[in-house]
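Participant:
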Amino acid sequence: MAQKIVTIYTDDLTGTESDEVHTHTFSLDGVSYEIDLVSDNYDKLFEALAPFIEKGRKTGRVSGAGRGSGAGRARKEPADGPRPEEIRAWARANNYDVNDRGRVPSSVREAYLQAH
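Shown next as structure tokens:
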């Protein structure tokens with residue numbers, strides 16, 4: 199029996215489906231939030247918060263979080279799961295087209311998991 203699993207990434211703000219959706223985290227009043235957004239909507243969020251970020255005081259930085267690092271954007275792998283670098287190396291060796299940074303496409307991740 200064959201089984202096909204399809205993962206559809208959806209922008210939480212607009213409901214738009216896209217392969218370019220990334221998960222972003224932020225917190226307010228001690229409550230942490232996650233939201234899945236395409237880059238244009240993330241830019242809108244960042245622009246809306248920019249005046250408050252500029253005037254606010256930093257109290258620390260969550261490990262791996264930050265806009266420029268790419269971390270915090272995609273969902274984290276479990277500690278015992280494959281690392282993105284391992285998946286990328288396998289993907290390149292098996293003729294998949296993957297970027298050096300950012301989210302590993304779900305189709306590539308699923309292929310890796312099935313091969314291992």
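If you read the sequence shown in the numbering used here, its first letter stands for residue 199, the second for the next number, and so on.
C-beta: ideal position from N, C-alpha, C; glycine also.
1) Beta-carbon within less than 8 Å of glutamate 252's beta-carbon, same chain only, minus the 5 sequence neighbours each way: which residues are those?
2) Identify, in the order they occur along the chain, each residue of the same chain with its Cβ nearer than 6 Å to the Cβ of valine 236, setting aside the five sequence neighbours on each side.
3) I believe alanine 287 touches valine 306 by the beta-carbon criterion, under 8 Å. Please report the beta-carbon distance rounded to the nearest angstrom.
4) Any idea if arginine 301 is buried or exposed, counting beta-carbon neighbours within 10 angstroms, 16 or more meaning buried?
5) Cutting at 8 Å between CB atoms, please list the residues of its own chain near alanine 309, excluding the five before and the five after it.
6) Ordered along the chain, which non-local residues of its own chain (more than five positions away) have a Cβ less than 6 Å from that of tyrosine 231?
7) For phenylalanine 250 and phenylalanine 244, I'd like the C-alpha separation in whole angstroms.
8) Can you tell me where the beta strand (DSSP E) holding glutamate 232 begins and where it ends?
9) Is it right to say histidine 222 is buried, meaning 16 or more other beta carbons lie within 10 angstroms of its own, or is it exposed?
10) Helix, strand or coil: which one does DSSP assign to glutamate 283?
11) Tell me the DSSP secondary structure of leucine 226 in three-state form.
Facilitator: According to the structure data:
1) Sequence-distant Cβ neighbours of glutamate 252 in its own chain, meaning closer than 8 Å and more than five residues away, do not exist here.
2) Residues of the same chain with a CB within less than 6 Å of the CB of valine 236, apart from the 5 flanking positions on each side, are Asp209, Ser216, Glu218, Val219 in chain order.
3) No, alanine 287 and valine 306 are not in contact; Cβ-Cβ is about 11 Å, not under 8 Å.
4) Of the residues assessed, arginine 301 falls on the buried side of the cut-off, its CB having 16 or more other CB atoms within 10 angstroms.
5) Excluding sequence neighbours, alanine 309 sits near Ala289, Asn292, Tyr294.
6) In its chain, beyond the 5 residues on either side, Phe224 have a beta carbon closer than 6 Å to the beta carbon of tyrosine 231.
7) Taking the straight line joining both Cα atoms gives about 10 Å.
8) Counting along the chain, the beta strand (DSSP E) containing glutamate 232 begins and ends at 229-235.
9) Residue environment: histidine 222 is assigned as buried (16 or more neighbouring CB atoms within 10 Å of its CB, all protein chains considered).
10) It is helical.
11) Secondary structure at leucine 226: strand, using DSSP grouped into helix, strand and coil.
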